[in-house]
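A.B. asks:
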Amino acid sequence: MKKHLLAIAAAAVAASLLTVGQAQADTLEKIKSSGVITLGVRESSGLSYTLGNGKYVGFHTEMAEHIISDLQKQLGLAKLETKYQPVTSQNRVPLVTNGTVDLECGSTTNNTARQKDVAFAVTTYVEEVRMAVKASSAIASIKDLNGKTVATTTGTTSVQTLRKNERASGLNFKEVYGKDHADSFLMVETGRADAFVMDGSILAANISKAKNPTDFKIVGEVLSVEPIACMLRKDDPAFKKAVDDSIKRQIADGSLAKLYDKWFMQPVPPTNTKIGLPLSEATKNAWANPNDKPMEDYAKK
Amino acid sequence: MSWDWQVFCEDTLEHQAVPGCFGKGGDITYLDWLLSAWGWTVSVSLLALALALVLGAVIGTLRTLERRRVVVGLCNAWVELFRNIPLLVQIFLWYHVLPTFFPVLQGVPGFVLVVFALGFFTSARIAEQVRAGIQALPRGQRYAGLAVGFTTFQAYRYVLLPMAFRIIIPPLTSETMNIFKNSSVAFAVSVAELTMFAMQAQEETSRGIEVYLAVTALYVISAFAINRIMAFVEKRARVPGMVAASGGGH
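Protein sequence lines correspond, in order, to chains Z and R. 45 is the number that our numbering gives to position 43 of the first sequence; each next residue is one higher, with no gaps. 124 is the number that our numbering gives to position 21 of the second sequence; each next residue is one higher, with no gaps.
1) Check whether the region 231-243 of chain Z and the region 203-218 of chain Z touch, using three or more Cβ-Cβ pairs below 8 Å as the test.
2) Checking 8 Å against the spacing of the C-beta atoms, do Asp-104(Z) and Ile-220(Z) come in under that value?
3) Between which two residues does the beta strand (DSSP E) containing Ala-201(Z) stretch?
4) State the DSSP-derived secondary structure class of Leu-41(Z), mapped to helix, strand or coil.
5) Are there 16 or more other CB atoms within 10 angstroms of the CB of Ser-325(R), so buried, or fewer, so exposed?
6) Got a sec: which bits of the region 226-241 of chain R sit with their beta carbon under 7 Å from any beta carbon on chain Z, in order along the chain?
7) Where does Gln-92(Z) fall in DSSP's three states?
8) Any beta carbon of chain Z sitting closer than 8 Å to that of Ser-371(R)?
9) Name the DSSP bridge partner or partners of Gly-305(Z)?
10) Near Gly-23(Z), which residues of its chain fall below 7 Å by C-beta distance, leaving aside the five closest residues on each side in sequence?
11) Where does Trp-108(R) land, buried or exposed, given buried means 16+ other C-beta within 10 angstroms?
12) If you count every other CB in all the chains shown that lies within 10 Å of the CB of Asp-201(Z), and 16 or more means buried, which is it?
13) Kindly indicate which three-state DSSP category Asp-114(R) falls into: helix, strand or coil?
14) Using a C-beta to C-beta distance shorter than 7 Å, which residues of chain R count as neighbours of Gly-157(Z)?
15) May I have a chain-ordered list of the alpha helix (DSSP H) segments no shorter than 4 residues that lie completely inside the region 252-282 of chain R?
16) Quick one: is Leu-116(R) near chain Z, going by C-beta distance under 8 Å?
17) Measuring only between beta-carbons, confirm whether Gln-209(R) sits less than 8 Å from chain Z.
18) State yes or no: is the beta carbon of Met-299(R) nearer than 8 Å to at least one beta carbon in chain Z?
19) Beta-carbon separation of Val-224(Z) and Glu-106(Z) under 8 Å?
20) From Phe-306(R) to Gly-128(R), what distance separates their C-alpha atoms?
21) Just to confirm before moving on: does the CB-CB distance between Ala-315(Z) and Val-152(Z) stay below 8 Å?
22) So Gly-343(Z) and Ile-277(Z) are supposed to be a Cβ contact under 8 Å. How far apart are they, rounded?
23) Does Phe-382(R) have its Cβ less than 8 Å from a Cβ in chain Z?
24) Give me, in chain order, the residues of the same chain whose beta-carbon lies closer than 6 Å to that of Thr-144(R); leave out the 5 immediate sequence neighbours on both sides.
25) What did DSSP end up calling Val-218(R) once you bin it into helix, strand or coil?
26) In angstroms, rounded to a whole number, what distance separates the CA positions of Ala-259(Z) and Ile-329(R)?
27) Around the C-beta of Lys-181(Z), are 16 or more other C-beta atoms found within 10 angstroms, so that it is buried, or is it exposed?
28) Does the Cβ-Cβ distance between Ser-234(R) and Gly-163(R) come in under 8 Å?
29) Return the chain-ordered list of same chain residues with a C-beta closer than 7 Å to the C-beta of Val-38(Z), the five sequence neighbours on each side being excluded.
30) What does the Cβ neighbour count give for Glu-169(R), buried or exposed, with the cut at 16 atoms within 10 Å?
31) What distance in whole Å lies between the Cβ atoms of Ser-50(Z) and Tyr-58(Z), which are believed to be in contact at a cut-off of 8 Å?
32) Across the region 222-241 of chain R and the region 260-267 of chain R, are there enough close Cβ pairs to call them in contact, namely three or more that are closer than 8 Å?
33) What are the residues in the region 89-120 of chain Z lying within 7 Å of chain R by C-beta distance?
34) Near Asp-246(Z), what residues of its chain come up, given a Cβ to Cβ distance below 6 Å and the 5 sequence neighbours on each side ignored?
35) Using alpha carbons as the reference points, say which of Asp-72(Z), Thr-110(Z), Glu-31(Z) and Arg-194(Z) lies closest to Val-89(Z).
36) Using 10 angstroms around the beta-carbon of Ile-204(Z), count the other beta-carbons present and answer buried if the total reaches 16, otherwise exposed.
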């Protein structure tokens, strides 16, 4: 269980650093004077992942690289070095607040709880939580889950989504929790669970990597909508404006749509399989009206 | 980022603080959840410990039999099998691999599988300690027992084991504390114990540091409680002049 000990140790170190003093608020100045920007990335998420050997790719990672080159132009730097810092869902917020990471573009949901500690750039991807079942399954909606076993992954917001839906619909189903997405998916594959409730992009990615992708399908209504955005330090309006402007520029000139096509509709490394998840209406709306509204505002609609 | 211990009083659906910190009418707060998670951790650990002590004592003893090659060989195989495979891998073998060969295991809850996996893993380690305890005794003791007319069973029951068990209480104490800490692997097969609570609650509340500190405290309390119990046993079972240091009797 070294991983957890590490997470605890990292959290403790982060806590002690926090008390020493908040990191510099002026990130642009820090980047300019040091000539280095630290980008927070994920190791295995649908939007940002590693190919090994310190190489990080994905829709959000590549978008962040474009943001960084825009920052470089804005600051008039001849050379700007990008340091990649892998983060986990446990340590990403402390690492941003304590100054280790300047910009985190992984798969972080913008919600009000996190907005107390950090700021978010405009939403660049809207995640819809749905469920994956076997192609032969009769389950087509959350109503069909009564008496069934439902898998989801420990440490994700989907666990809470599932709990809320169970309460609201008066259904009764058994929940099982995989330790990671591959594990949860395996439970559906081996018949231990009847459905896997998770972010649509993660479901699509897992299905595309399955032995036989046609054995599975994504069904049912959208259970929860989560805006995913790059995370940066709070109270740094100049840096936030620079990042937002770059994203808006990428939306306006169509390069973000091209990136989406590249990472979701074309074969992607490491296995060269297609994820095949067309751009959703919700994401299109977010691009049409760039905003940094938290998840709670989406639920109200 | 400042401390916010109030987070444990929030209910798990709407994140509203509940007066009194305990949920009512089917709603639960994070404090309720934390305590139930502690209950799972303690249940897994104690059941696995009971299984490990019984199996470990039997197998460790059998490994010291003389002129019983097959029995000794089988018991050695048991120890090496369960000792040489990482615990997390064993849990996965129980949960995902064995059910493909024995479909009946598919219906067994993760909780039961974890108790067996953790119990067997720890039994291998306890067996090794029991064997070491018995072999630490001078061989003359066994022969003296047999010479006064004891059967092999009686020689073990009245001469060897009472001394061997007293010798191994200290390493056994570490093992009982380890089982509490190792029980955290149960999260991997969907048992809602403390580690799973920590991972899930920190994600939902964004108060990871408070959650991890609370969980750490409960692990420390559990492991220390078992430590005190073992210290009590050690003290009560002590026989003057029979402890390892002076019990050699050469």
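Cβ atoms here follow ideal geometry from the backbone N, Cα and C, with glycine treated the same way.
C.D. replies: In this structure, then:
1) no
2) Start at 1 with the first residue of the first sequence, and residue 104(Z) comes out as number 102. Start at 1 with the first residue of the first sequence, and residue 220(Z) comes out as number 218. No. Outside cutoff.
3) The residue given as residue 201(Z) occupies position 199 in the first sequence. Checking the displayed sequence, the identity of residue 201(Z) turns out to be Asp instead of Ala. Residues 197-201.
4) In the first sequence, the residue the question calls residue 41(Z) occupies position 39. Residue state, collapsed to three classes: strand.
5) For the purposes of this step, residue 325(R) is taken as the residue at position 222 of the second sequence. Buried, because 16 or more other Cβ atoms sit within 10 Å of the Cβ of Ser-325(R).
6) none
7) Mapped onto the first sequence, residue 92(Z) falls at position 90. If DSSP states are grouped into helix, strand and coil, Gln-92(Z) belongs with coil.
8) Here chain R comprises residues numbered 104 to 353, so residue 371(R) is not present and cannot be evaluated.
9) There is simply no residue 305(Z) to check, as chain Z begins at 3 and stops at 303 in what is shown.
10) Position 21 of the first sequence, counted from the start, is the residue given in the question as residue 23(Z). Low per-residue confidence applies at Gly-23(Z): pLDDT is 45, beneath 50, and the placement is therefore not dependable, though the value from the model is reported in the following sentence. Counting only Cβ-Cβ distances below 7 Å, and skipping sequence neighbours, we find nothing.
11) Reading the second sequence from its first residue, position 5 is the one you call residue 108(R). Result: exposed.
12) For this step, residue 201(Z) is matched to residue 199 along the first sequence. With 16 or more Cβ atoms within 10 Å of its Cβ, Asp-201(Z) is classed as buried.
13) As a working note, residue 114(R) is residue 11 in the second sequence. It is a strand residue.
14) Mapped onto the first sequence, residue 157(Z) falls at position 155. Here the neighbours are Met-302, Gln-303 and Glu-306.
15) 264-270
16) As a position in the second sequence, residue 116(R) is number 13, starting the count at 1. Interface residue, yes.
17) The residue labelled residue 209(R) in the question sits at position 106 within the second sequence. Taking Cβ atoms only, chain Z reaches closer than 8 Å to Gln-209(R), which makes this a yes.
18) In the second sequence, counting from the first residue as 1, residue 299(R) sits at position 196. Yes, Met-299(R) counts as interfacial toward chain Z.
19) The count along the first sequence starts at 1 and reaches residue 224(Z) at position 222. The count along the first sequence starts at 1 and reaches residue 106(Z) at position 104. In this structure, Glu-106(Z) does not lie closer than 8 Å to Val-224(Z) by Cβ.
20) In the second sequence, counting from the first residue as 1, residue 306(R) sits at position 203. In the second sequence, counting from the first residue as 1, residue 128(R) sits at position 25. At residue 306(R) the sequence reads Glu, which differs from the Phe that was named. So the two alpha carbons sit approximately 25 Å from each other.
21) Not covered by the structure: residue 315(Z). The range shown for chain Z is 3 to 303.
22) This structure does not reach residue 343(Z), given that chain Z is present from 3 up to 303, and the question cannot be answered.
23) Absent from the model: residue 382(R). The displayed extent of chain R is 104 to 353, so no value can be given.
24) For the purposes of this step, residue 144(R) is taken as the residue at position 41 of the second sequence. Ser-286, Glu-296 and Leu-297, listed in sequence order.
25) Position 115 of the second sequence, counting from 1, holds the residue named residue 218(R). Val-218(R): helix per DSSP, three-state reduction.
26) Here residue 259(Z) corresponds to residue number 257 of the first sequence, with the count starting at 1. Here residue 329(R) corresponds to residue number 226 of the second sequence, with the count starting at 1. Whole-angstrom Cα-Cα distance: 59 Å.
27) As a working mapping, residue 181(Z) is identified with position 179 in the first sequence. The residue in question, Lys-181(Z), is buried, as its Cβ has 16 or more Cβ neighbours within 10 Å.
28) As a working mapping, residue 234(R) is identified with position 131 in the second sequence. As a working mapping, residue 163(R) is identified with position 60 in the second sequence. A quick correction: the sequence has Arg, not Ser, at residue 234(R). For Arg-234(R) and Gly-163(R), yes; Cβs fall inside 8 Å.
29) Numbered from 1 along the first sequence, position 36 holds the residue referred to as residue 38(Z). Taken in chain order, the residues that qualify are Glu-83 and Lys-85.
30) What you label residue 169(R) is simply residue 66 of the second sequence in a count that begins at 1. Exposed is the call here.
31) Position 56 of the first sequence, counted from the first residue, corresponds to residue 58(Z). Position 48 of the first sequence, counted from the first residue, corresponds to residue 50(Z). Rounded, the Cβ-Cβ distance is 7 Å, consistent with contact.
32) yes
33) Ser-91, Gln-92, Val-95, Thr-99, Ala-115, Arg-116 and Asp-119
34) On the first sequence, position 244 is the one that residue 246(Z) refers to. Cβ neighbours of Asp-246(Z) beyond the five flanking positions: Ala-123 and Val-124.
35) Residue numbering aside, residue 89(Z) sits at position 87 when the first sequence is read from its first letter. Looking at the Cα atoms, Thr-110(Z) is the closest of the given residues.
36) As a first step, residue 204(Z) is located in the first sequence; it is residue number 202 there, counting from the start. Buried, by the Cβ-count rule.
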